[in-house]
Structures are given as C-alpha cells and as structure tokens.
Amino acid sequence: MHRKIRELILKCANTSKASHVGSALSIVEILEALYFNVANINKDNYNNASRDRIILSKGHGSLALYVTLALKNIIPLTSLDKYLVDGGVLPCHIDMNSANGLEASTGSLGHGLGIAEGFALSNRLKNIHSRIFVIVGDGEFQEGSILEALNSIGSLNLNEITVILDNNKFQASAATKDVADIDNYEKIFSAFGFDVQSVDGHDVDLLIKALNKKSQKPIAIIANTLKGKGFSFMEDTLQSHYMKIDDEKLKQGMSELEVVLS
Amino acid sequence: MRMVFANTLIKLAEEDERICIITPDMGYGILDNFQKLFPNRYFNLGITEQNCMSVASGMALNGLKPYVYSIIPFVVHRCLEQIRVDVSYMNTDVKIIGVGSGFEYGAAGATHHGTEDMAMIRALPNMTICAPGDNYEMEEIAKLTAKTSVPTYIRIGRHNHGILNHNKIEIGKASIIQEGKDIALIATGNMLPVAYDFAQELKKQGYLPMLVSMHTIKPIDKELIVNLIDNKYKIYTFEEHTIIGGLGSAVSEIIAESGKGVEFKRIGINDEYSHIVGSAQYIREQFKLDLKGVIEQCC
C-alpha cells in the first residue's frame with residue numbers, strides 16, 4: 016500500500032507543483048499502519064461518534080493524508096486531481112470543510128494535540144471509548160503549545176491518546192538538530208507521563224505492533240523516518256521540503272517505484 | 010458581574026449538559042460553585058491558554074459547549090492564533106469569557122488590562138462579540154449566547170453596576186436606554202454607566218441626548234447607526250478600550266461609508282498603555298474616562 020500512496024503523492028505533486036512533498040513522504044507508513052490496520056475508521060463510520068480519530072497535526076503533510084483517505088474510499092479518488100490547483104478542492108494545508116474524514120483544520124503547527132485532548136475529554140463525558148492518534152512533526156515539536164498539551168495530557172493520563180512523532184530530522188529551513196538539538200525525545204515524553212516506544216517509522220509491521228501496545232498511560236511513538244522517503248532525489252534531504260516535482264522527476268520517481276515493485 | 014455570569018451559567022448548565030468550563034487556572038472564588046455542582050464538566054487544565062483554546066475546539070467539534078474563562082489578555086491575546094484557527098476558522102461553538110474589561114484589573118498593571126481585545130476579535134470572521142454594560146445585560150447575554158452555536162467572545166467587567174437597561178435584549182441589536190434628539194451617546198461595557206451619568210449632565214444643560222447601549226460589538230447594529238446618521242445626530246462613542254478597532258471604529262466605518270458627514274467623537278483609550286500605579290478608578294480618571302474626564306473631552 017505504501018508504494019501506491021507514494022505513487023499518487025508524486026503524481027499529485029507533479030500536477031499541482033506543490034511543495035511539502037518530503038514532509039508527506041515521511042509519514043506514508045505511519046498512515047498505512049493507522050488507516051489500514053490499527054484505527055477503527057472507514058468509509059462507513061467516518062462520521063460516527065464512536066470512530067477512532069486521526070489528526071495530522073503537521074498539516075503540511077496533507078497530501079499523504081488525502082491520498083490515504085482516497086485509497087480508503089473516504090474521499091473520491093478523483094478529488095486528488097483537485098489537489099492544490101486553481102479552483103480545486105483539497106488545499107495545501109488542511110481545511111476540515113474541504114473533504115470528508117478530516118478531523119481538524121491544521122497547517123499552523125502545535126494545534127493537533129490540544130484538539131485531541133478535547134476529543135478525549137468529551138468522549139469520556141459521553142462514555143465513548145475510542146482511540147485518538149495525533150501525528151506531530153519533529154520540527155513542530157519546537158512549538159510551545161506542544162509542551163502545554165503534553166503536560167496536560169500526561170497529567171490527566173489520557174491513555175486513549177497516542178502521539179506519533181514523525182522524526183524525519185528536517186524542518187523547513189534546516190536540519191532539526193541544527194535548530195533545536197533534542198537528541199532524546201523519549202526522555203521528554205517519559206517525563207510527561209507517556210509510555211514511549213521508538214521504532215523504524217518506515218516499517219509498517221513494527222508501527223502496527225507499537226500502535227497496538229496496551230498501556231495504562233498515553234502512548235508516544237518516536238517514528239524514526241526519512242524526509243522524502245522513497246525517492247533517491249529527495250530522501251533524507253532538506254531540499255525535499257520545497258522541491259517541486261517536474262515531469263523529469265516524476266518520470267524518475269515512477270521508474271524508481273517500478274524498480275522497487277519488480 | 011463575574012458572579013452574575015457564573016450563577017447564570019450554573020442555571021444554564023443544569024438544563025444543558027453539553028455546557029462545560031475550561032479554565033487556565035483562573036476563576037478562583039468565581040467558578041467554585043460550578044466546580045462543586047458539575048465536577049465532571051469543570052476543567053482546570055493548568056496555565057496553558059493556547060492548549061485550553063485547542064481543547065475547547067476539540068470538545069466543540071465533539072458536540073459539547075465549552076466556555077473558556079480567564080482574564081482578557083490571557084484568554085484573547087495569549088492564544089489569539091488558537092482562537093483564529095481552532096475557533097474562528099473552524100467555526101466551532103466555543104464561548105470565550107474574558108473578565109476584567111478595560112482597566113478593571115487596574116492595580117495589576119497593563120499586563121492584566123483588557124484594552125485591545127475587541128479590535129483583535131472583531132477582525133476574525135464568524136465571531137460574535139458581546140460586552141454587557143450592566144448585570145441585566147450580563148445575564149441576558151449569557152442566556153442568549155448559550156442558545157447559539159456560533160463562536161462568541163463575551164467581554165465582561167469585574168464590579169457590579171446598577172441596572173440601566175430595562176429592554177428586551179437581542180444579540181446584534183443595540184438597546185436604547187434613553188430616547189433623545191440631536192445627540193447620541195453610544196456606550197459599551199464599563200462605559201455605559203459613565204455615559205448614563207454624562208447624559209444626565211447634558212440634560213441639566215438643556216440637551217436631550219439619546220443613550221444607546223451597544224452590548225453587541227459584532228455584528229454591530231448598523232440599522233440603528235444609519236438611522237442616527239440619517240437624522241443628523243451628533244454621535245459620541247464610549248468604550249474602555251483603545252479607540253482603534255473597537256466600538257468607535259465600528260461606528261466610524263458605518264459613518265464613513267454612508268457618504269453623509271455627521272459630527273462624531275470616539276471616547277476611549279488613545280493608543281497607549283497605562284504605566285500608572287493605582288486603582289482602576291484612579292487610572293480611569295487619569296485617562297479621562299470618568300464622568301469629569303468625559304465632560305472635559307466632550308464639552
């Protein structure tokens with residue numbers, strides 16, 4: 016499935032000439048594990064109160080989410096043609112009103128955890144037992160509101176919340192370590208009362224195992240990923256954040272995918 | 010006025026189990042009864058204003074009616090971007106309760122003064138803004154806004170005022186407190202009693218000013234203002250807020266676009282912070298927002 020997701024991401028990025036492609040490519044396996052294996056969310060229940068919820072707090076990775084929702088038949092596959100083109104439907108940063116299955120409008124960083132906490136607290140009042148997953152970027156982790164939310168979620172021990180940190184090691188303008196050198200996210204999450212695991216964020220089976228772990232505490236998964244994963248001209252590079260996918264790159268990308276596929 | 014709000018909310022919460030309170034550690038002595046009666050619906054989430062606003066948005070998306078309560082600069086300015094995205098842009102049913110409008114927290118200093126909040130929230134689409142001028146307006150606005158599902162900012166004062174408004178209140182419709190001719194005094198929030206006293210002074214001088222309580226700043230009652238313009242009233246606005254972006258600005262926009270000139274003056278805070286040490290009343294006097302100062306500015 017992740018190969019299909021990557022193929023569609025690259026095609027949409029080519030049509031729209033959009034940026035943030037590298038940020039979408041690093042979360043492909045995370046989304047596959049969540050939407051196709053772990054979370055109770057599908058085309059029939061995406062409006063039900065009891066559904067699991069997935070919030071892409073790093074809203075600039077939206078393209079990966081749109082593609083995944085299309086492959087889950089929650090939004091039509093044809094809507095991908097309307098990603099970030101004039102008069103289109105799906106915007107660069109997520110507008111929850113633009114399509115089905117979008118839990119919150121994100122794009123401004125550091126909002127998703129608080130919204131997840133609101134979902135959790137209200138679910139408890141309504142006696143609904145479902146899980147809430149939030150995907151946060153490692154650059155996003157610099158936002159002060161992240162600290163506020165972790166402190167609060169940990170203090171209230173909202174163990175229905177699972178935070179997945181997309182540790183792709185680059186932000187918009189620099190390597191993350193050159194801006195905020197946090198070499199131990201585990202310690203930070205632990206200190207706030209989370210049950211922390213660290214996994215290869217491109218290994219779907221390991222992600223599923225980590226996501227399915229039963230815990231009395233809120234869960235944090237440090238998903239070690241590569242920005243621009245899957246394509247030689249983007250993988251593990253800062254440039255993949257703003258790189259545009261021209262026809263030549265699309266051709267090369269498809270060829271690389273076919274190599275992988277064969 | 011805070012207690013009127015808190016007591017009214019308790020009555021509303023008895024009828025509507027969706028109502029809950031989120032506070033970033035404010036409301037000591039004010040929200041205690043709500044906490045006692047509805048412990049499951051009272052959330053002190055710690056001194057985390059940004060997170061509180063996002064949590065409120067998540068609750069509202071999930072069908073609850075959260076009220077976020079704090080002192081104005083903390084519940085508006087500190088988390089303005091969360092209000093913009095999670096409340097205004099996402100159009101969530103979050104009620105923001107800002108206490109200490111204007112110089113109410115006088116002695117606490119400018120960090121605690123609520124003097125630019127209406128300007129900030131007015132610029133955000135989907136928002137309703139209410140600023141009650143007496144306890145009757147406070148109670149009615151609390152009741153009426155609880156029935157709506159739109160994001161709303163309620164800006165309230167700290168001390169008790171006498172009842173001035175005896176009309177039926179409607180959100181978005183100004184209340185005429187006193188009919189008059191030629192001169193219209195339009196006041197909001199803490200300035201309503203001052204404008205009322207000023208109106209009595211003008212009466213002594215032989216004028217008959219109309220007194221209007223503009224308890225809803227957004228949407229503003231355009232019809233009433235256009236009517237005043239058409240009838241060539243001299244218009245004064247009174248707000249304990251910067252004259253940029255609040256009531257005075259809202260009224261002046263309508264005057265400017267009417268194409269009809271009328272005499273007009275904004276009474277408020279003239280684009281500055283208070284660096285004055287002293288009580289709310291003392292600061293108001295220095296800013297000429299007490300009766301004496303208003304007479305000096307207007308006459």
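If you read the protein sequences in the order shown, they are chains A and B.
Counting from 16, one number per residue, gives the positions in the first sequence under the working numbering.
Counting from 10, one number per residue, gives the positions in the second sequence under the working numbering.
By construction, the Cβ of each residue, glycine as well, lies at the ideal position given by its N, Cα and C atoms.
Note that this is a predicted model, so its numbers are computed, not measured.
Mark residue i as exposed unless 16 or more other C-beta atoms lie within 10 angstroms of its C-beta, in which case mark it buried.
{"i": "Thr120 (chain B)", "result": "exposed"}
{"i": "Met12 (chain B)", "result": "exposed"}
{"i": "Leu99 (chain A)", "result": "buried"}
{"i": "Ser158 (chain B)", "result": "exposed"}
{"i": "Asn60 (chain B)", "result": "buried"}
{"i": "Met10 (chain B)", "result": "buried"}
{"i": "Ser137 (chain A)", "result": "buried"}
{"i": "Asp143 (chain B)", "result": "buried"}
{"i": "Asn63 (chain A)", "result": "exposed"}
{"i": "Gln186 (chain A)", "result": "buried"}
{"i": "Ile106 (chain B)", "result": "buried"}
{"i": "Glu146 (chain B)", "result": "buried"}
{"i": "Lys266 (chain A)", "result": "exposed"}
{"i": "Glu149 (chain B)", "result": "buried"}
{"i": "Val303 (chain B)", "result": "buried"}
{"i": "Leu276 (chain A)", "result": "Note that Leu276 (chain A) scores 41 on pLDDT, short of 50, meaning its location in the model is unreliable and no value can be drawn from it."}
{"i": "Gly268 (chain A)", "result": "buried"}
{"i": "Gln214 (chain B)", "result": "exposed"}
{"i": "Val286 (chain B)", "result": "exposed"}
{"i": "His35 (chain A)", "result": "buried"}
{"i": "Gln209 (chain B)", "result": "exposed"}
{"i": "Lys58 (chain A)", "result": "exposed"}
Quick test of your reading: residue i and residue j, contact by CB under 8 angstroms. State the CB separation rounded to the nearest angstrom.
{"i": "Tyr242 (chain B)", "j": "Met223 (chain B)", "result": "About 14 angstroms separates the two Cβ atoms, so there is no contact after all."}
{"i": "Pro228 (chain B)", "j": "Gly189 (chain B)", "result": "About 24 angstroms; that fails the 8 angstroms criterion."}
{"i": "Ala204 (chain B)", "j": "Ala196 (chain B)", "result": "4 angstroms"}
{"i": "Gly133 (chain A)", "j": "Ala65 (chain B)", "result": "6 angstroms"}
{"i": "Thr32 (chain B)", "j": "Glu125 (chain B)", "result": "Contact flag wrong, Cβ pair sits at about 22 angstroms."}
{"i": "Ser255 (chain A)", "j": "Lys242 (chain A)", "result": "5 angstroms"}
{"i": "Ile90 (chain A)", "j": "Asn115 (chain A)", "result": "5 angstroms"}
{"i": "Ser267 (chain B)", "j": "Ile238 (chain B)", "result": "5 angstroms"}
{"i": "Leu128 (chain A)", "j": "Ile161 (chain A)", "result": "6 angstroms"}
{"i": "Gln91 (chain B)", "j": "Ser63 (chain B)", "result": "5 angstroms"}
{"i": "Phe14 (chain B)", "j": "Ile165 (chain B)", "result": "6 angstroms"}
{"i": "Asn166 (chain A)", "j": "Thr57 (chain B)", "result": "7 angstroms"}
Using CA atoms only, rank isn't needed, just tell me which of the options is closest to residue i.
{"i": "Ser123 (chain A)", "options": "A:Leu241, A:Asn138, A:Gln157 and A:Arg146", "result": "A:Gln157"}
{"i": "Tyr98 (chain B)", "options": "A:Glu263, A:His126, A:Glu44 and A:Gly102", "result": "A:His126"}
{"i": "Phe51 (chain A)", "options": "A:Ala190, A:Ile20, A:Asn239 and A:Ser38", "result": "A:Ile20"}
{"i": "Thr282 (chain B)", "options": "B:Phe112, B:Met68, B:Asn49 and B:Glu90", "result": "At residue 282 (chain B) the sequence reads Tyr, which differs from the Thr that was named. The candidate whose alpha carbon is nearest that of Tyr282 (chain B) is B:Phe112."}
{"i": "Asn71 (chain B)", "options": "A:Leu25, A:Gly102 and A:Ile143", "result": "A:Ile143"}
{"i": "Thr121 (chain A)", "options": "A:Cys107, A:Val82, A:Thr177 and A:Asp101", "result": "A:Cys107"}
{"i": "Thr225 (chain B)", "options": "B:Glu249, B:Ile178, B:Leu211 and B:Glu262", "result": "B:Ile178"}
{"i": "Lys73 (chain A)", "options": "A:Tyr81, A:Gly154, A:Phe207 and A:Glu22", "result": "A:Gly154"}
{"i": "Leu46 (chain A)", "options": "A:Lys264, A:His217 and A:Glu118", "result": "A:His217"}
{"i": "Ala206 (chain A)", "options": "A:Asn182, A:Lys232 and A:Met249", "result": "A:Lys232"}
{"i": "Cys307 (chain B)", "options": "B:Val77, B:Gly277 and B:Val286", "result": "B:Gly277"}
{"i": "His86 (chain B)", "options": "B:Asn236, B:Ala117, B:Ile56 and B:Gly123", "result": "B:Gly123"}
{"i": "Asp280 (chain B)", "options": "B:Lys301, B:Gly254, B:Glu305 and B:Ile292", "result": "B:Gly254"}
{"i": "Glu24 (chain B)", "options": "B:Asp41, B:Leu46 and B:Leu40", "result": "B:Leu46"}
{"i": "Val178 (chain A)", "options": "A:Ile203, A:Val194, A:Met249 and A:Ala190", "result": "A:Ile203"}
{"i": "Ser145 (chain A)", "options": "A:Tyr61, A:Gly37, A:Phe246 and A:Arg18", "result": "A:Tyr61"}
{"i": "Glu232 (chain B)", "options": "B:Asn135, B:Ala183, B:Asp191 and B:Cys29", "result": "B:Ala183"}
{"i": "Gln290 (chain B)", "options": "B:Glu272, B:Tyr114 and B:Lys269", "result": "B:Tyr114"}
{"i": "Arg93 (chain B)", "options": "B:Ser79, B:Ala116, B:Asp41 and B:Asn135", "result": "B:Asn135"}
{"i": "Leu140 (chain A)", "options": "B:Pro75, B:Ser288 and B:Ser258", "result": "B:Pro75"}
{"i": "Ile197 (chain A)", "options": "A:Phe209, A:Asn182 and A:Val211", "result": "A:Asn182"}
Per DSSP, what are the beta-bridge partners of residue i in this structure?
{"i": "Met219 (chain B)", "result": "B:Ala193"}
{"i": "Arg275 (chain B)", "result": "B:Thr246"}
{"i": "Cys139 (chain B)", "result": "B:Ile163 and B:Thr225"}
{"i": "Gln187 (chain B)", "result": "B:Leu220"}
{"i": "Arg68 (chain A)", "result": "A:Ile147"}
{"i": "Ser110 (chain B)", "result": "B:Gly123"}
{"i": "Leu105 (chain A)", "result": "A:Tyr98"}
{"i": "Glu148 (chain B)", "result": "Answer is none; Glu148 (chain B) lacks a bridge partner."}
{"i": "Ile90 (chain A)", "result": "BP columns for Ile90 (chain A) are empty, so no partner."}
{"i": "Ile19 (chain B)", "result": "Answer is none; Ile19 (chain B) lacks a bridge partner."}
{"i": "Ser255 (chain A)", "result": "Bridge partners of Ser255 (chain A): none, in fact."}
{"i": "Gln157 (chain A)", "result": "DSSP output for Gln157 (chain A) lists no bridge partner at all."}
{"i": "Val178 (chain A)", "result": "A:Val149 and A:Ala235"}
{"i": "Cys29 (chain B)", "result": "B:Pro75"}
{"i": "Gln212 (chain A)", "result": "A:Ile236"}
If you measure from the beta carbon of residue i to each beta carbon in chain D, is any gap under 7 angstroms?
{"i": "His126 (chain A)", "result": "Absent here is chain D; the protein component of the structure consists of chains A and B."}
Q) Pairing CB atoms from the segment 33-45 of chain B with CB atoms from the segment 124-142 of chain B, are three or more of them under 8 angstroms? A) no
Item checked: Touching by the beta-carbon criterion (3+ pairs, under 8 angstroms), the segment 258-273 of chain A and the segment 16-27 of chain B -> no
State whether the segment 84-101 of chain A contacts the segment 22-33 of chain A, with contact taken as three or more CB pairs (one from each stretch) at a distance under 8 angstroms. yes
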